[in-house]
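Under this note's numbering, the letters of the sequence shown match residues 4 to 244, in that order. Glycine is no exception: its CB is placed at the ideal position from the N, C-alpha and C atoms.
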Amino acid sequence: MADDCFTHPRLAAIYDSLYPDRSDLDTYLHMADEFEADRVLDIGCGTGVFALLLADRGIEVVGVDPAQASIDVARTKPESERVRWICGDVTNLPPLKVDLATMTANVAQEIADPQAWQKTLRATREALRPGGRLIFETRDPSRRAWEEWTREKSYRVTELPGVGSVESWVQLGEVTRPLVTFRWTYKFAADGQVLTSDSTLRFRERDEVEKDLDAHGYVVDDIRDAPDRPGREFVFLARRP
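In structure tokens, the structure reads:
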């Protein structure tokens with residue numbers, strides 16, 4: 004299940020404006036170039052930011068996401084017809100043989116259920132051509148990122164054209180390692196509506212991820228640092244032999 008910030012139409016419509024800095028995607032764009040990918044599967048594509056950046060490079064892209072509201076936003080964007088959008092998850096895709104599959108940002112960690120994670124790895128491998136790669140990131144649990152998820156550190160007011168001001172902040176919920184829950188709150192000044200979005204992330208250890216990938220027939224070619232978040236995340240490069 005996707006979080007409310009992606010499934011609620013009012014929140015999905017403003018998501019890109021609330022989080023405009025997507026420099027985190029540069030790492031993935033560089034690797035798409037590095038591996039000369041012609042066909043990419045963007046798992047958890049959300050509102051389509053990364054999928055459309057790939058399409059601008061002439062890459063054939065399939066974007067899949069379980070949140071219909073986010074897919075609807077993606078389809079309204081310029082050049083969106085260049086991407087094949089699918090509402091669902093990777094376990095019910097049509098046959099594909101892509102060069103590269105990606106899970107950017109929190110996507111891998113949002114697949115918190117162990118069985119769902121195993122199914123995702125299995126289905127993604129099937130979607131790759133032999134020699135194709137899966138690339139994703141996950142936070143290093145030892146850095147305890149959740150300690151920064153407080154209202155004091157996250158509160159802001161964003162002025163959005165045609166919407167008005169929106170207050171937003173995050174509050175930490177429960178930390179029961181490896182699961183961490185938190186809640187985003189959004190308050191719309193125009194009508195006073197308050198919407199919340201609850202999330203649960205799974206903080207997997209590096210060796211746990213390596214074992215999962217190996218169990219599903221991947222070869223881990225590299226584990227890199229995220230250049231914009233040094234020392235905070237693992238970026239896994241796994242290959243289907």
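Taking Cβ positions, are residue i and residue j nearer each other than 8 Å?
{"i": "L204", "j": "A115", "result": "yes"}
{"i": "V93", "j": "V43", "result": "no"}
{"i": "E208", "j": "E140", "result": "no"}
{"i": "V178", "j": "W149", "result": "yes"}
{"i": "I62", "j": "A104", "result": "no"}
{"i": "V64", "j": "A54", "result": "yes"}
{"i": "E213", "j": "V197", "result": "no"}
{"i": "C8", "j": "W187", "result": "yes"}
{"i": "P244", "j": "T30", "result": "no"}
{"i": "L137", "j": "D215", "result": "no"}
{"i": "V86", "j": "A40", "result": "no"}
Run the CB neighbour count on residue i, radius 10 Å, all protein chains shown included, and call it buried at 16 or more, exposed below.
{"i": "H33", "result": "exposed"}
{"i": "G66", "result": "buried"}
{"i": "R25", "result": "exposed"}
{"i": "R60", "result": "exposed"}
{"i": "Q118", "result": "exposed"}
{"i": "T107", "result": "buried"}
{"i": "A192", "result": "exposed"}
{"i": "D68", "result": "buried"}
What residue from the options has the CA that sits closest to residue i's CA?
{"i": "L28", "options": "R232, R85, V166", "result": "R232"}
{"i": "P81", "options": "R146, S168, I89, L56", "result": "L56"}
{"i": "P181", "options": "F206, P164, G195", "result": "F206"}
{"i": "D194", "options": "W88, V173, V166, A111", "result": "V166"}
{"i": "E170", "options": "G234, D228, Q118, I17", "result": "I17"}
{"i": "G220", "options": "A126, R146, E155, T188", "result": "A126"}
{"i": "H11", "options": "E211, T199, D217, T153", "result": "T199"}
{"i": "G176", "options": "I74, I46, R154, L216", "result": "R154"}
{"i": "T50", "options": "E39, Y22, A40", "result": "Y22"}
{"i": "S168", "options": "S20, V76, I46, A58", "result": "S20"}
{"i": "E113", "options": "P98, V183, I89, R78", "result": "V183"}
{"i": "R146", "options": "I226, G234, E129", "result": "G234"}
{"i": "K190", "options": "D6, R13, A5", "result": "R13"}
{"i": "Q121", "options": "R227, D6, E211", "result": "E211"}
{"i": "V238", "options": "D143, E151, W172, D201", "result": "D143"}
{"i": "W172", "options": "E151, P164, E37", "result": "E151"}
{"i": "A5", "options": "F38, I74, D228", "result": "I74"}
Touching or not, the region 147 to 160 and the region 113 to 133, by the rule of three or more beta carbon pairs under 8 Å?
no
Quick check for students: name the residue ranges of the beta strand (DSSP E) that lie wholly in the region 161 to 229, counting only runs of 3 or more.
167 to 179, 182 to 191, 197 to 205, 222 to 227
Please specify which runs of the alpha helix (DSSP H), each continuous and at least 4 residues long, are wholly inside the region 6 to 69, giving them in chain order.
7 to 10, 12 to 21, 29 to 37, 52 to 59
Residue ranges of each beta strand (DSSP E) within the region 113 to 145, 3 or longer
131 to 142
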